[in-house]
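K.L.:
Oh and the sequence shown: position 57 is 43 in this note's numbering, straight run, nothing missing.
We put the CB at the ideal spot given by N, CA and C, even for glycine.
On a predicted model such as this, the values are computed, not experimentally measured, just so you know.
I am attaching a structure below and will ask some questions about it afterwards.
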Amino acid sequence: MSYARVTGLRSVELGVVDLNRSAEFYSQVWGLQEVASTGDTIHLRGTGSEHHVLTLRERPKASLLGVHFAAPNREAVGQLHERAKAYGANVLGEPAALPVDAGGGFGFAFRTPEGQPLSISADVKQHPDVVRDRSRPTKLTHVVLNSARISEEINFFMDLLGFRLSDSTHMMEFVRCCSDHHSVAMARGNGPSLNHMAYEMQNIDGLMRGSGRLKQNGFNIEWGVGRHGPGNNVFSYFIEPNGFVTEYTTEVEQVDEAVYVANTPEYWAAYPMRPCRWGMATQPSNRVKFAMSGKLAAGEEPEDESLRCDDVIARRLGR
Ligand SMILES: [Fe+2]
């Protein structure tokens, strides 16, 4: 019997200081759509079928509250739960029915060795309609987590959850759970925290239209537009009002399991066009690097002038 594995990325869940201000950004500017709200929580969908691709919960401090994955069915959820316990993972309860307002389904929550909050679920309600608007995100396609214990974390994703290694660089490890080149990457550094999340656009025209909407609303492109080495995806990075980094991306490499071979850090270090295959994008802005470290969302204010994000902080405080 083949063992159960994670087969997709559903959504990310963020603690935000001002729920309404964050929901306004993610619906009016980022292009998601509210599907459910209760008390301090709002769920938003993309144009694809997933019930929601982002959950916002009002909290005293901005923080990563969850990265949520899919399993093919309830039996797989049960098997992964058993494996997680046997692995010695910090498992938060038995698999159970999930809240109906969040699409229902069946799943359980747990933490990585470093403490990152994850969950796995099956049978979550899907939308029958797919919205035709290429300027808006279809789905959450990857999350990048900062880690101070990267080999332990990557082994956890591969050995327990069934992820496969797609690429290694000196900075990052990329792992996949479906045909997308990576659904998760781990960045070497201080952790645990959220480095960034990436939402898929239908095509490059849609990515440019979405990026234009961000610019028109006063959000700088902090890195891009460019095309990455690992994953070959087109990218455009922004800092959102809580200080998290969020990316529009498209054309991520689709992996053929029969022939794919992961490249090494040495391969990527020698790759001729870095950090952008087109030679278009230069290095990320200093302030997006600061935000990717997780420090901006955590409320740290940099002393170095070039790292200041006063416009982001102003939006957060509603000045
Ligand atoms: Fe990314």
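Thinking C-beta only, is Gly17 closer than 8 angstroms to Pro103?
P.N.:
As a first step, residue 103 must be located in the sequence shown, where it is residue number 117. As a first step, residue 17 must be located in the sequence shown, where it is residue number 31. Not closer than 8 angstroms, so no.
K.L.:
Compare the C-alpha of Asn203 against each of Asp4, Leu51, Ala(-10), Val298 and name the closest.
P.N.:
The count along the sequence shown starts at 1 and reaches residue 203 at position 217. The option with the nearest alpha carbon to Asn203 is Val298.
K.L.:
Given that a residue counts as buried once 16 or more other Cβ atoms are within 10 Å of its Cβ, and exposed if not, what is Ala62?
P.N.:
Position 76 of the sequence shown, counted from the first residue, corresponds to residue 62. Flag for Ala62 reads buried.
K.L.:
Which of helix, strand or coil does DSSP assign to Gln188?
P.N.:
To locate residue 188, count along the sequence shown from 1; it is residue 202. If DSSP states are grouped into helix, strand and coil, Gln188 belongs with coil.
K.L.:
Give the single residue among Gln65, Leu180, Val211, Gly177 whose Cα lies nearest to the Cα of Arg195.
P.N.:
Counting from 1 along the sequence shown, the entry for residue 195 is found at position 209. Among Gln65, Leu180, Val211, Gly177, the Cα nearest to that of Arg195 is on Val211.
K.L.:
Please list, in chain order, all residues of the same chain as Leu146 whose beta carbon is under 7 angstroms from its beta carbon, the five residues on each side excluded.
P.N.:
Walking along the sequence shown from the start, residue 146 turns up at place 160. Arg69, Ala70, Tyr73, Ala75.
K.L.:
Report the start-end ranges of each beta strand (DSSP E) in the region 148 to 175 that is 3 residues or longer and not cut off at the edges.
P.N.:
150 to 154, 158 to 162, 170 to 174, all fully within the region 148 to 175.
K.L.:
Could you say if the region 34 to 54 and the region -5 to 2 meet the contact criterion of at least three C-beta pairs nearer than 8 angstroms?
P.N.:
The region 34 to 54 vs the region -5 to 2: in contact.
K.L.:
DSSP three-state call for Asn218: helix, strand or coil?
P.N.:
Taking the sequence shown and counting its residues from 1, one reaches residue 218 at position 232. Looking at Asn218 - three-state DSSP - the assignment turns out to be coil, as it is neither helix nor strand.
K.L.:
Please indicate yes or no: does the CB of His182 lie closer than 7 angstroms to some heavy atom of ligand 1?
P.N.:
By 1-based counting over the sequence shown, the position of residue 182 is 196. The answer is yes for His182.
K.L.:
Alpha carbon to alpha carbon, how far is Pro178 from Val130? Give it in angstroms, no decimals.
P.N.:
Here residue 130 refers to the residue found at position 144 when the sequence shown is read from its first residue. Here residue 178 refers to the residue found at position 192 when the sequence shown is read from its first residue. About 11 angstroms.
K.L.:
On a CA-only basis, which of His167, Arg174, Ser105, Pro58 is nearest Ser(-12)? Give me that one, please.
P.N.:
Locating residue -12 in the sequence shown gives position 2, where the first residue counts as 1. Minimum Cα distance to Ser(-12) is reached at Pro58.
K.L.:
Could you please give the first and the last residue of the uninterrupted beta strand (DSSP E) stretch that includes Arg(-4)?
P.N.:
In the sequence shown, the residue the question calls residue -4 occupies position 10. Per DSSP, Arg(-4) belongs to the beta strand (DSSP E) from -6 to 2.
K.L.:
Does the beta-carbon distance from Glu186 to Lys125 come in below 8 angstroms?
P.N.:
The residue you call residue 186 lines up with position 200 of the sequence shown. The residue you call residue 125 lines up with position 139 of the sequence shown. Yes, the pair counts as a contact, with Cβ atoms nearer than the cut-off.
K.L.:
Please tell me whether His167 has its Cβ less than 8 angstroms away from any Cβ of chain D.
P.N.:
Checking the listed chains, one finds no chain D in this structure; it contains a single protein chain.
K.L.:
Please confirm whether any heavy atom of ligand 1 lies closer than 7 angstroms to the CB of Phe221.
P.N.:
Stepping through the sequence shown from its first residue, residue 221 is reached at position 235. Under cutoff, so the answer is yes.
K.L.:
When DSSP builds the beta bridges, which residues end up paired with Met309?
P.N.:
Limits of the chain in this structure are -13 at one end and 305 at the other, which puts residue 309 out of reach.
K.L.:
From Asn272, Arg7, Thr250, Gly280, pick the residue whose C-alpha is nearest to that of Gly312; which is it?
P.N.:
With the chain represented from -13 up to 305, any question about residue 312 goes unanswered, as that position is not in the structure.
K.L.:
Relative to the C-alpha of Trp209, which residue among Gly192, Asp191, Ile190, Val231 is closest?
P.N.:
Against the sequence shown, residue 209 aligns to sequence position 223. Closest by alpha carbon: Val231.
K.L.:
Relative to ligand 1, is the shortest distance from any of its heavy atoms to the C-beta of His167 smaller than 7 angstroms?
P.N.:
Residue numbering aside, residue 167 sits at position 181 when the sequence shown is read from its first letter. No - ligand 1 has no heavy atom lying nearer than 7 angstroms to the Cβ of His167.
K.L.:
CB Phe92 to CB Pro85, shorter than 8 angstroms?
P.N.:
Residue numbering aside, residue 92 sits at position 106 when the sequence shown is read from its first letter. Residue numbering aside, residue 85 sits at position 99 when the sequence shown is read from its first letter. Cβ distance not < 8 angstroms, so Phe92 and Pro85 don't count as in contact.
K.L.:
If you draw a straight line from the C-alpha of Ser292 to the C-alpha of Val15, how long is it?
P.N.:
Your numbering for residue 292 matches position 306 in the sequence shown. Your numbering for residue 15 matches position 29 in the sequence shown. Using only the alpha carbons, I get a separation of about 25 angstroms.
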